[in-house]
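Structure, as structure tokens:
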Amino acid sequence: MTLLELFFDLVYVVALALISRGMVNQLDWHRAAQALILLAAVWWTWVITTLVTDLYDPERTEIKLLISAVMFGALLMATAIPAAFDDRGFIFAATYVAIHLGRGLFLMPAVRREPQTQRRAARIFLWFAVSAIPWIIGAFVSDDARLVCWAIALAIDYIGFRLAYPVPGLGVVPEQQRNVTAEHLSERYQQFFIIALGDAILTIGSMFSMAHSELENLAVFAVAFLTTLLLWRIYVHKSGQLLPLAIKASVSPNKFLFTAPYTHLLMVAGVVTTASGFDLVLHEPTGRTPPAWAAVILGGPALFLAGRASFEYEVFSRVSPSRPGGVLALLTIAPAVLFLPPVFASLGAVLVLAGVAYADFRRSYGKPPEAPAPPR
């Protein structure tokens, strides 16, 4: 992992913070859907750029220039996030399209002496050219029409990646063109997850105030911090530590190339949603918890655990009962928290996450390190 890549990641601290803050502004299911679209778009710019730095030499001057250009575009996208579904939709969509098409236009001549590599870049470029159509159309319509257009565009982008970018006459990207570096890829995904946790920490620090009683503020502050700590602990326990070994041990390492973006998107979405919950609870810890607030406060950890279960399956080819058990526990307590203050809803989520972390500890305590699953 190069210093330029770490510098590049700073943009996403801003993007995630704006998405989590925007979701709690007039919170409803429509706003949540918009936040998901924005997160999926921002995430995809990071994923594809990360793969470029893995598949190409990140120390090459051309790749450094490309990363810098994408960083500029990603920052411009981030500035449009608060009004992406209002008057800045064109800036958001056009920048997203420019990032992906511009990358292809840059790479194809840069690798002209490597026909296979150039054809790989051409396949990816063509898929993004197709998705650019609903992206731009969506920028010129409004409300639900924009949401639908951008959802279709993202579906094209995500499905194209999963199918290895098939193109008539060219076929899919050959398997030997999908080789990944275990250490680099795992480090990059771990780094982004830490950035997502940074959004939670930023929310805790910026929303903490003395508008309420000192005891209430300290209680909410402690619960929010403990939630963040538990999310980190559950993520890194075993699967996060062994991901590089699991990729190396696989007969087909590139299978992680096709699964990691989706499992980590779920986990990142869970953390961003949890950060939005912190915003709500720190702002108003007392009174009854509205249903939309309960969905955010408990839904964030549930999303994270669902993604974490999928992530564990990538590494060990099995899922610990504590993951689905944690999701079920969060669903079970959801009706009860509607009659309690938001701080108690957040406390309920902490207790569930603590139970999952404790189950992890008990399962591994005194036992030799578990090996990744044999190749499938």
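What the sequence shown shows, in the numbering used here, is residues 11 to 386, in sequence order.
We put the CB at the ideal spot given by N, CA and C, even for glycine.
Would you mind stating whether residue i and residue j have Cβ atoms separated by less than 8 Å?
i, j, result
"F202", "V278", "yes"
"A312", "V291", "no"
"V360", "L236", "yes"
"T273", "S327", "no"
"W56", "A103", "no"
"V80", "I109", "yes"
"F314", "L241", "yes"
"L348", "A302", "no"
"I101", "L86", "yes"
"V388", "R133", "Examination of residue 388 is not possible in this model, given that the chain is present from 11 through 386 alone."
"V281", "A206", "yes"
"Q36", "L157", "no"
"T342", "G310", "no"
"Q128", "Q187", "no"
"P295", "P351", "yes"
"D64", "T191", "yes"
"W137", "G179", "no"
"A90", "L212", "no"
"M118", "F95", "no"
With distance defined between alpha-carbon atoms, name the residue in the options nearest to residue i.
i, options, result
"I73", "P144, A120, A94 and F235", "A120"
"L228", "T238, V353, E197 and A346", "V353"
"F82", "T105, D64 and D96", "T105"
"S30", "A285, T59 and T12", "A285"
"V402", "L207, S356 and L241", "One cannot answer for residue 402 here, as it falls past the ends of the chain, which runs 11 to 386."
"G148", "V107, T60 and M118", "V107"
"P331", "T342, I343 and R318", "R318"
"R113", "R298, R130, R123 and Q44", "R130"
"G208", "V23, A139 and G181", "V23"
"A174", "F268, R98, G99 and H40", "F268"
"W39", "D154, A369 and M217", "D154"
"G99", "G181, S152 and I214", "S152"
"V233", "I58, R123 and I307", "I307"
"H444", "P92, R373, A344 and I214", "An answer regarding residue 444 cannot be provided, because it is not within the stretch 11 to 386 covered by the chain."
"E226", "N189, C159 and G297", "G297"
"F246", "E185, T60, T71 and I204", "The residue asked about is misnamed: residue 246 is Val in this sequence, not Phe. Nearest option by C-alpha distance: I204."
"T60", "R172, P334, D19 and M217", "D19"
Looking at the structure shown, is residue i part of a helix, part of a strand, or coil, going by DSSP?
i, result
"G32", "helix"
"G309", "helix"
"G181", "strand"
"G297", "coil"
"P144", "helix"
"L14", "helix"
"Y245", "helix"
"F349", "coil"
"T283", "helix"
"D19", "helix"
"Y66", "coil"
"V360", "helix"
"A369", "helix"
"Y175", "coil"
"V291", "helix"
"N189", "coil"
"A25", "helix"
"P271", "helix"
Ordered along the chain, which non-local residues of its own chain (more than five positions away) have a Cβ less than 6 Å from that of residue i?
i, result
"A25", "V52 and A88"
"A50", "L164"
"S141", "A163, I166 and D167"
"A346", "none"
"A84", "V21 and T55"
"V34", "S286, D289 and L290"
"A369", "S332"
"E124", "none"
"R373", "none"
"R243", "A367"
If you drop the 5 nearest sequence neighbours on each side, which residues of the same chain put their C-beta closer than 7 Å to that of residue i?
i, result
"Y199", "A270 and H274"
"F116", "L76"
"F150", "none"
"L276", "L313, A316, G317 and S320"
"A161", "I47"
"A42", "M33"
"P176", "V182"
"A139", "L111"
"Y66", "I73"
"M217", "F288, D289, L292 and H293"
Who are the near neighbours of residue i in its chain, counting only those whose CB is closer than 8 Å to its CB and skipping five residues on each side?
i, result
"Y323", "V329"
"P68", "T12, L14, E15, K74 and I77"
"A339", "V362 and G365"
"F17", "M81"
Using a Cβ-Cβ cut-off of 8 Å, state whether residue i counts as contacting chain C.
i, result
"L239", "In the structure shown, chain C cannot be found, because there is only a single protein chain."
- prompt: Of all the alpha helix (DSSP H) runs that stay within the bounds of the region 93 to 164, which reach a length of 4 or more residues?
  reply: 99 to 120 and 125 to 149
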